[in-house]
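Let me begin by presenting the structure, written as structure tokens, before commenting on it.
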Amino acid sequence: MALLELKDVSKSFAHAKGNLRVLENISFTIEQGEFVALVGPSGCGKSTLLRIINGLMPPTSGQVLYQGRQVDGINLECALVFQSFALLPWLTVKANVELGLEARGMGPAEREKRAGVLIDKVGLDGFEEAYPRELSGGMKQRVGIARALAVEPKLLLMDEPFSALDALTAITLREELLDIWQAPDSPVHTIVMVTHMIEEAIELADRVVVMSPNPGRVVNDLKIDLPRPRDKRTEAFNALTDKVFSLIEERA
Amino acid sequence: MQRPIIELRKLLDWFISFLILAGLLALFFQYRHHIARPPRLSVNVHNLPYYAFCSFYRMFVAYLISLVFAVSYGLGAAKSPMYERVMIPAIDIAQSVPVVGFFPAAIYFFVALTHGSRLGVEMAAIFLIFTSQAWNLALGVYEAAKTIPRDSIEALDAFGASRWLKLRRLLIPASVPKLVYNSILSWVAGWYFLIACEIITVGPAHYQLPGLGSFLMSAADKGRVGELIGGLATLLGVIVVMDICVWQPLSVWAEKFRYEFAATSEPMGSLWMAHVIGGLGLAFGHAIHGRLNPILRSLQGAWELRPALTPRGRVWLARAAGVVRLGLLVALLALFAYGAFAGIFALFHALARPWPAEAKLIPAATAASFLRLAIAYVISLAWTLPCALWAAESPRFNRVVAPFAEIAGSMPATALFPLIVVLVIEVTGGMNLASVLLILTGMQWYLLFNLLAGTRQVPADLKEAARSFGLTRFATWRKLTVPALLPSLITGSITAWGGGWNALILSEYFVYHDHTYQVLGLGALLDRATYATGNSVMILLSLLSMILAVMAINRLVWRRLYVFAMGRYKLDY
Chain A
16 MALLELKDVS KSFAHAKGNL RVLENISFTI EQGEFVALVG PSGCGKSTLL RIINGLMPPT
76 SGQVLYQGRQ VDGINLECAL VFQSFALLPW LTVKANVELG LEARGMGPAE REKRAGVLID
136 KVGLDGFEEA YPRELSGGMK QRVGIARALA VEPKLLLMDE PFSALDALTA ITLREELLDI
196 WQAPDSPVHT IVMVTHMIEE AIELADRVVV MSPNPGRVVN DLKIDLPRPR DKRTEAFNAL
256 TDKVFSLIEE RA
Chain B
6 MQRPIIELRK LLDWFISFLI LAGLLALFFQ YRHHIARPPR LSVNVHNLPY YAFCSFYRMF
66 VAYLISLVFA VSYGLGAAKS PMYERVMIPA IDIAQSVPVV GFFPAAIYFF VALTHGSRLG
126 VEMAAIFLIF TSQAWNLALG VYEAAKTIPR DSIEALDAFG ASRWLKLRRL LIPASVPKLV
186 YNSILSWVAG WYFLIACEII TVGPAHYQLP GLGSFLMSAA DKGRVGELIG GLATLLGVIV
246 VMDICVWQPL SVWAEKFRYE FAATSEPMGS LWMAHVIGGL GLAFGHAIHG RLNPILRSLQ
306 GAWELRPALT PRGRVWLARA AGVVRLGLLV ALLALFAYGA FAGIFALFHA LARPWPAEAK
366 LIPAATAASF LRLAIAYVIS LAWTLPCALW AAESPRFNRV VAPFAEIAGS MPATALFPLI
426 VVLVIEVTGG MNLASVLLIL TGMQWYLLFN LLAGTRQVPA DLKEAARSFG LTRFATWRKL
486 TVPALLPSLI TGSITAWGGG WNALILSEYF VYHDHTYQVL GLGALLDRAT YATGNSVMIL
546 LSLLSMILAV MAINRLVWRR LYVFAMGRYK LDY
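So the sequence lines, in the order shown, correspond to chains A and B.
Heads up: the first sequence begins at 16 in the numbering used here, then just goes up one per residue.
Heads up: the second sequence begins at 6 in the numbering used here, then just goes up one per residue.
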């Protein structure tokens, strides 16, 4: 059974001037253990789709089935990583990472242990008592990732996680993300990442779902068969990049 | 085509809130009993420390109640658009009611309830101080809650955080910077109106509490300048100590809660000594926290060990909590509905009585007061704007001016009156100038506070760009500083005019040495009706006129200017 299935999901927002149709008839499935990238230009509703999957907002029509059952309200087996990091400025790194666990009612001692493990895993060992304003962008996103992984989600949802970082930091973080995901003791096995960078999608994902804007529609669903670690300079990689680009172009 | 309908709805909301509040004010006139006149308290300079303590504890209790009110009201309004429609206009209106307007409520509720006992009068005084402090605190919380970045809310929601966790980790911490800043302003307003709150009078009913306020009043009344200065010095001492030991450390601590995009600015003014004592205060706080922490942790651990409810138990608890919440809501709504209808009925009933001849003066009085306020405003602007421009240039000046402004703003105008009498009235023979000067004291500091806060928010890189392109100082002011200050100027003006209208009751009517000094003005009419004649119709009419005048000017002038300023001059890029 697929972990996540979207059936004809559509979303409209009520506006002063009428209805704004953001997503139209989105359908695809996600299997356990996959890394799926949602690629498209701005305005194709990718971030909205992610929030619908998470349960933060309901679809206007269509169904979101998680493990065969309809999603109703927040799906606590998902965790979200934000483009803007969304850390609370008045909490230390440790407290921020513990936030999801605190929400689940975990005891303080256990929270601390789990958070410690994850802070280690993302390479922020020693920064537990630092505040977000003292951290660089890359470090802040590491905290965001640690926070999401702390609750051991079955599905990790990432909303343009590296778009707010400089190119060099983003390269490092992508590699680290892959390392964490591919490790045998990884806390998460399935990832859905939204991005507007085609190369990032092809470098990381098993499958690329291409979307077109106004309203958001699924244009194509490409399997990326290249072995990891992937080299950007190979012909196969470039061919895929071109293909995705042309798919987006012809619908633009 | 849609716009006029939306405006009409807002107007309707506002009108209904106004009607209800006016009704509530009128309601308490109904409960007039014959209240025995309590003996006059003797005022003695030797008791000054005791008076200082009394006034301080009243301010403190009122502040705590205001804090609880502000957090619940502000967060409640921010959460639900339905409540927001009613709650925010209600606070708007409440802000325009001068403290004198709450006297009937204070007397006929608290005092009558306890049959004129001392406790009742204390509660009345605390209630009155509360009305000077609570509204802007609530608005601060509301604004802070509405500007929390959506991402933070989504992050907590996505983790399935309970309502309590959201409150504890997000909503309350996010309100802290605004709360601290507005608390300073609330205390300033509280001290300023302290005299009015410790001497509560409606016609024959007259109550006086021991405290700095009544001491200053009595010293002023008897013309004892020495005592007056002593009282002011004590007040000054209390305010300075509070500033150094409480507000400075709190402002520093509050910086921790700022979101980064709100320009990290220096805390509101810090004298070098404040740094030392503030540092000591922080160290002290840390030590206590260190002692408390293990206790808190073990308490928390014990709490976490509580037997987990079975799923059925949890459902039951949720249901029970829901029933209790619903019951409270229904009770509150019923009480509110009763109060609203009884109030509106009382309002019409009270206004149906014959209007006194004085009522004819109201339009002219309103115009006269408005003119005085306008003059005071222009004078305030004339000196606060250059002051702010200088502060924008020199951070050191900025650091010194802010606490000075805070302290000066807390000095009650009434206490300054004898000096003004001597200096102004005896020289020029006119009360008009004196009353403009008194209004100034209630207006200018708010303008200065806001302007100073605005100067701290001009981004450093814009200043650097101006310098690197060789702009002269004057050109920088014209192109950068003044436009950047425009939003703060407007919010400061709104607050200043609000303070000005409230200060009318202290500036246009004064009894000194058995001589009544007054001018033609709305404040004078209200004061005369409250303190001298006790005519309830007159009190209501002047009160309502003042509320309407404030609201009309706010809506027609200030809101429009604010929208314009925010549209064009807001710093976000």
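Ideal Cβ positions, reconstructed from N, Cα and C, are used throughout, including at glycine.
These figures come from a predicted structure and were not determined experimentally.
Cβ neighbours of residue i in the same chain (closer than 7 Å, five flanking residues each side left out)
{"i": "B:A355", "result": "A31, F34, S541, V542, L545"}
{"i": "A:L133", "result": "V112, A161, L164, A165"}
{"i": "A:P168", "result": "E92, C93, A94, V203"}
{"i": "A:P244", "result": "none"}
{"i": "B:T389", "result": "Q449, L452, L453, L456"}
{"i": "A:D236", "result": "F43, R222, V224"}
{"i": "B:L26", "result": "A95, I98, A99"}
Residue j beta carbon less than 8 Å from that of residue i
{"i": "A:T107", "j": "A:Y146", "result": "yes"}
{"i": "B:W140", "j": "B:A99", "result": "yes"}
{"i": "A:A20", "j": "A:L80", "result": "Here residue 20 of chain A is Glu; the residue named in the question, Ala, does not match the sequence. Against a cut-off of 8 Å, the Cβ pair of A:L80 and A:E20 comes out as a contact."}
{"i": "B:L184", "j": "B:L144", "result": "no"}
{"i": "B:Q253", "j": "B:A194", "result": "no"}
{"i": "B:I510", "j": "B:P209", "result": "no"}
{"i": "B:L445", "j": "B:S385", "result": "yes"}
{"i": "B:G503", "j": "B:S101", "result": "yes"}
{"i": "B:Y567", "j": "B:P488", "result": "no"}
{"i": "A:I45", "j": "A:V207", "result": "yes"}
{"i": "B:A110", "j": "B:I205", "result": "no"}
{"i": "B:A393", "j": "B:T460", "result": "yes"}
{"i": "B:A149", "j": "B:S188", "result": "no"}
{"i": "B:A418", "j": "B:T239", "result": "no"}
{"i": "B:E411", "j": "A:A101", "result": "no"}
{"i": "B:F164", "j": "A:G159", "result": "no"}
{"i": "B:F262", "j": "A:P104", "result": "yes"}
CA nearest to the CA of residue i, picked from the options
{"i": "B:S550", "options": "B:V562, B:I112, B:G528, B:L457", "result": "B:G528"}
{"i": "B:A364", "options": "B:L525, B:P109, B:T486", "result": "B:L525"}
{"i": "B:S77", "options": "B:A345, B:M92, B:A307, B:R63", "result": "B:M92"}
{"i": "B:L304", "options": "A:I160, A:V166, A:P123", "result": "A:P123"}
{"i": "A:C93", "options": "B:T538, B:R478, B:D162", "result": "B:D162"}
{"i": "A:F97", "options": "A:D181, A:K109, A:L171, A:L150", "result": "A:L171"}
{"i": "B:V406", "options": "B:S493, B:T136, B:L453, B:W192", "result": "B:L453"}
{"i": "A:L188", "options": "A:V137, A:E214, A:G141, A:V224", "result": "A:V137"}
{"i": "B:F350", "options": "B:L29, B:F23, B:F20", "result": "B:L29"}
{"i": "B:M571", "options": "B:L366, B:Y514, B:I499, B:I495", "result": "B:I495"}
{"i": "B:M436", "options": "B:D18, B:Y343, B:L176, B:Y517", "result": "B:Y517"}
{"i": "B:L175", "options": "B:E232, B:D156, B:F375, B:M128", "result": "B:D156"}
{"i": "B:M416", "options": "B:L331, B:F198, B:R229", "result": "B:F198"}
Beta-carbon contacts of residue i that lie in its chain and below 6 Å, excluding the five residues immediately before and after
{"i": "B:D248", "result": "P408"}
{"i": "B:I558", "result": "none"}
{"i": "B:A370", "result": "L525, G526, L527, L530"}
{"i": "A:K22", "result": "S42, G77, Q78"}
{"i": "B:A471", "result": "T481, L485"}
Cβ-based neighbour list, residue i, same chain, cut-off 8 Å, excluding 5 preceding and 5 following
{"i": "A:V24", "result": "L38, N40, I41, S42, L64, I67, P74, S76, G77, Q78, V79"}
{"i": "B:M278", "result": "Note on B:M278: pLDDT 46, under 50, position unreliable in the model; no value is reported."}
{"i": "B:P272", "result": "Caution applies to B:P272, whose pLDDT of 40 falls short of 50 and renders its modelled position unreliable; the model cannot decide the point."}
{"i": "A:D140", "result": "I134"}
Listed by chain order, chain D residues near residue i by CB distance under 7 Å
{"i": "A:E117", "result": "This model lacks chain D altogether; the protein chains it does include are A and B."}
Q. Listed in chain order, which residues of the stretch 54 to 83 of chain B have Cβ atoms closer than 7 Å to some Cβ of chain A?
A. Taking 7 Å as the Cβ-Cβ cut-off against chain A, none of the residues of the stretch 54 to 83 of chain B qualify.
Q: Taking only runs that begin and end inside the stretch 160 to 230 of chain A, name each unbroken beta strand (DSSP E) of 3 or more residues, in chain order.
A: Taken in chain order, the complete beta strand (DSSP E) segments of 3 residues or longer contained in the stretch 160 to 230 of chain A are 170 to 174, 205 to 210, 222 to 227.
**Q.** Entirely enclosed alpha helix (DSSP H) segments - the stretch 537 to 571 of chain B, minimum 4 residues
**A.** For the alpha helix (DSSP H) assignment, the uninterrupted runs of no fewer than 4 residues enclosed by the stretch 537 to 571 of chain B are, from N- to C-terminal side, 541 to 558.
Q.
As an exercise, report each continuous alpha helix (DSSP H) stretch of at least 4 residues that is fully enclosed by the stretch 502 to 534 of chain B, in chain order.
A. For the stretch 502 to 534 of chain B, whole alpha helix (DSSP H) runs of length 4 or above, ordered along the chain, are 527 to 532.
Q. When you check each C-beta in the stretch 255 to 266 of chain B against every C-beta of chain A, which residues fall closer than 9 Å?
A. So the list reads K261, F262, R263, Y264, E265, given in the order they occur along the chain.
Q.
Quick check on the DSSP output: what are the complete alpha helix (DSSP H) runs of length 4 or more inside the stretch 80 to 163 of chain A, in order along the chain?
A. Residue ranges of uninterrupted alpha helix (DSSP H) with 4 or more members, entirely inside the stretch 80 to 163 of chain A and ordered along the chain, are 108 to 118, 123 to 136.
Q: Return the chain-ordered ranges of every alpha helix (DSSP H) run that is complete within the stretch 96 to 168 of chain B and spans a minimum of 4 residues.
A: Fully enclosed alpha helix (DSSP H) runs of 4 or longer: 123 to 151, 155 to 163.
(Q) If the cut-off is 8 Å on Cβ atoms, which residues from the stretch 343 to 365 of chain B count as contacting chain A, listed in chain order? (A) Look at the stretch 343 to 365 of chain B: it has no residue with a C-beta under 8 Å from a C-beta of chain A.
Q: Please name the residues in the stretch 171 to 190 of chain B whose beta-carbon is closer than 7 Å to at least one beta-carbon of chain A, in chain order.
A: The residues in question are R174, L175, P178.
Q) At what residue ranges does the stretch 397 to 453 of chain B contain a whole run of the alpha helix (DSSP H), taking only runs of 4 or more? A) Complete alpha helix (DSSP H) runs here, min 4: 400 to 415, 418 to 425.
(Q) Give me the subset of the stretch 98 to 116 of chain A whose CB atoms are less than 9 Å from a CB atom of chain B, sorted by chain position. (A) For the stretch 98 to 116 of chain A, residues whose beta-carbon sits nearer than 9 Å to a beta-carbon of chain B comprise Q98, S99, F100, A101, L102, L103, P104, W105, L106, A110, L114, G115, L116.
Q) Which parts of the stretch 186 to 268 of chain B are runs of the alpha helix (DSSP H), unbroken and 4 residues or longer, counting only runs that do not cross its ends? A) The stretch 186 to 268 of chain B contains these whole alpha helix (DSSP H) runs: 199 to 203, 217 to 227, 230 to 247, 253 to 259.
Q.
Any C-beta of chain A within less than 8 Å: which residues of the stretch 140 to 163 of chain B qualify?
A. Taking a C-beta cut-off of 8 Å against chain A, the contacting residues of the stretch 140 to 163 of chain B are P154, D156, S157, E159, A160, L161, D162, A163, listed in chain order.
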